[in-house]
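Just so we're aligned, residue -6 is where the sequence shown starts under the numbering used here, counting upward by one. Don't be surprised by glycine CBs; every beta carbon is placed ideally from N, CA and C. Everything on this sheet refers to the single structure shown next.
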Amino acid sequence: MFNKLKRFSKSYLLFLELFAKHPETWYYSSEAAKHANQSAGSSTRLLDQLVKDGFLTSMQKGKMKFYRAHSKGPAMRSFKIFLTCMTLQPLRKELHLGSGANKMILYGSAARGEDTSSSDLDLLCVTQDKELTKKKISEEVAKIEREAERIINITYKTNVEYHREAEKNPAFHENVENGITLWEVNESNELQGMPEAW
C-alpha cells in the first residue's frame, strides 16, 4: 500500500488539486498542464495515472483526450474533503477559548466531497456568544474566502438553540450531525479536532 504513495509527486498533487477545485470542468492535457503550471510533455502520463488511480475520468473526442474529476468515485471525494479541511484549518487559530465557540462543523455537500467550484462551504458554529465569535473569526473567514474563491456560509447557534434544532428542524440537524467536526472543546476544555500542525 505504501509503495503506491510514491507516485504522489508534486506534479501529481498539483494536477489532483486542480481537478478537485474544478470538478465540473473538462480539461485537455496541455490545458490542464497550463493551469497547474506543469510541463505539457509529461502531463498526459500523469493524467492517465490519475485516471487509473480513480481520481479522474477521461473522454476521447477525435484525436483529443479530455479529463475531468471522477466526482462520484471515493478517491476524489475523499481528497476533496481533505482539501476543504486544509483550506479551513486557519480558523482553528481563531477558535481559541476566548472566542466563546464550543464546536465548528463542516456539513453539506463539501463534507461529503460532492461540492463544485461554485458551492458554498457550509459551517455550523456552536457558541456561547454568537456576536463575539463572529467578531473573532470574521477577518480570517474573509481571507479564506478570497484565497479559496469560495463563499463560507456560517450558521451560529447557542448550545440551547442547537439542541432544540433536533426537534424543530430534524433534517437540518441530521445533515449537521453527519458532517465533520473541525474543532471542538470537550467538557474538560481540551481542544479536539484537526491537529494544530495541520
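Item                                                                                                               : Value
Exposed unless 16 or more other CB atoms sit within 10 angstroms - verdict on residue 69                           : buried
DSSP three-state assignment for residue 42, whether helix, strand or coil                                          : helix
Residue 14, buried or exposed, once every other Cβ within 10 Å from all chains shown has been counted against 16   : buried
Span of the alpha helix (DSSP H) around residue 150                                                                : No alpha helix (DSSP H) holds residue 150; the beta strand (DSSP E) holding it covers 145 to 150.
Assigned secondary structure, residue 29 (DSSP; H/G/I helix, E/B strand, else coil)                                : coil
Ranges of the beta strand (DSSP E) found wholly within the stretch 44 to 86, counting only runs of at least 3      : 49 to 54 and 57 to 62
Reduced DSSP secondary structure (H/G/I, E/B, other) of residue 177                                                : strand
Neighbourhood of residue 188 by C-beta, 7 Å cutoff - its chain only, sequence neighbours within 5 removed          : Summary for residue 188: the model assigns pLDDT 48, below 50, so the residue's position carries little reliability, and this model does not support an answer.
Residue 52 classed as buried or exposed, judged by whether at least 16 other C-beta atoms fall within 10 angstroms : exposed
Start and end residues, beta strand (DSSP E) containing residue 120                                                : 114 to 120
Collapsed DSSP secondary structure at residue 171 in the structure displayed                                       : coil
Option nearest residue 10 by Cα separation, candidates 116, 156, 79 and 65                                         : 79
Spatially closest choice to residue 0 from 34, 29, 12 and 41, by CA coordinates                                    : 41
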